[in-house]
Amino acid sequence: MSLSVNLENRSEKKCELCGSSESIEALAVNPRNGDKDEDNVVVCAVCKNQIQETDKIDGNHMRCLTESIWSTVPAVQVVSYRLLQSMPTIEWAQDALGNAYLTEDTLEWVQSGESKLIHKDANGNILNAGDSVTLIQDLNVKGANFTAKRGTAVRRIRLVHDNAEHIEGKIDGQHIVILTKYVKKS
């Protein structure tokens, strides 16, 4: 899609994610169709490829998201947030997600483009991002050499966007993935 005058001015003819000025174009942000300029983000070819194939993300190139998540343009925030969510094992990406602030409208836009997986705890209660949960049994944390004890509170959980049986949280300063069948909502 070619750039409108408004998009050229807004982006200063640069990728709104990484700042590259090579082979830029407008990209509609799901689920919107891109009829309005504010529904589009200006991206370079590399960033466009990263957006369209999130399973092949280049973590080094995407470090730019730590700055673009703070853009004043909601479409840029939405794309940045979604890309950061697609890197659950990269610590700097999860830190950027934890520090990000999105308005309610922007957060709804982020969530409207995602699949509708429903995360439930061991009792069948629906879990939402930011909830607090409690472990219902001792869990051996692989790779961290400690056991998370039953009754441990995990605050501000994150939902794994492609698996309804996993949540993410921090225990003893370690970012870990927890199976939902081992937690109850607090």
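The sequence shown begins at 1240 in the numbering used here and counts up by one. Every residue, glycine too, gets a C-beta built ideally from N, C-alpha and C. Keep in mind it's a predicted model, so treat the numbers as computed, not measured.
By the three-class DSSP mapping on this structure, what secondary structure does R1302 have? Here DSSP, grouped into helix, strand and coil, assigns R1302 to helix.
Whole-angstrom C-beta distance between C1254 and I1263, which should lie under 8 Å: 6 Å
Could you give the first and the last residue of the continuous alpha helix (DSSP H) run that contains N1338? 1330 to 1338
Does DSSP put Q1413 in a helix, in a strand, or in coil? strand
Proximity to T1186 [Cα-Cα], best of N1362, V1318, K1381: Since the displayed the chain opens at 1240 and closes at 1425, residue 1186 lies outside it and no answer follows.
Which same chain residues, not among the five before or five after D1344, have their C-beta less than 8 Å away from its C-beta? P1313
Mark G1408 as exposed unless 16 or more other C-beta atoms lie within 10 angstroms of its C-beta, in which case mark it buried. Within a 10 Å sphere around the beta-carbon of G1408 sit 16 or more other beta-carbons, which makes this residue buried.
Quick check on Q1324: buried or exposed, where buried means 16 or more other Cβ atoms within 10 Å of its Cβ? Around the beta carbon of Q1324, 16 or more other beta carbons sit within 10 angstroms, so the residue counts as buried.
Would you identify the three-state DSSP class for R1395, choosing helix, strand or coil? coil
Considering only residues of the same chain and omitting the five flanking positions on each side of A1284, which have a CB-CB separation below 6 Å? S1262
If you follow the alpha helix (DSSP H) that L1322 is in, where does it begin and where does it stop? 1313 to 1324
How long is the line joining the alpha carbons of S1351 and P1270, rounded to whole angstroms? 7 Å
For the beta strand (DSSP E) that contains E1404, what are its first and last residues? It is not in any beta strand (DSSP E) - E1404 carries neither H nor E in the DSSP assignment.
Quick one: what's T1386 bridged to in DSSP? Beta-bridge pairing links T1386 to N1379.
Is it a yes or a no for the segment 1374 to 1390 touching the segment 1402 to 1419, going by three-plus beta-carbon pairs under 8 Å? Put simply, the segment 1374 to 1390 touches the segment 1402 to 1419. At least three CB pairs are less than 8 Å apart.
CB-CB under 8 Å to L1304, same chain, minus the five flanking residues each way: which ones, in chain order? L1256, S1319, L1322, L1323, A1332, A1335
DSSP-derived helix/strand/coil call for T1513: Residue coverage of the chain in this structure runs from 1240 to 1425, which leaves residue 1513 outside it and unanswerable.
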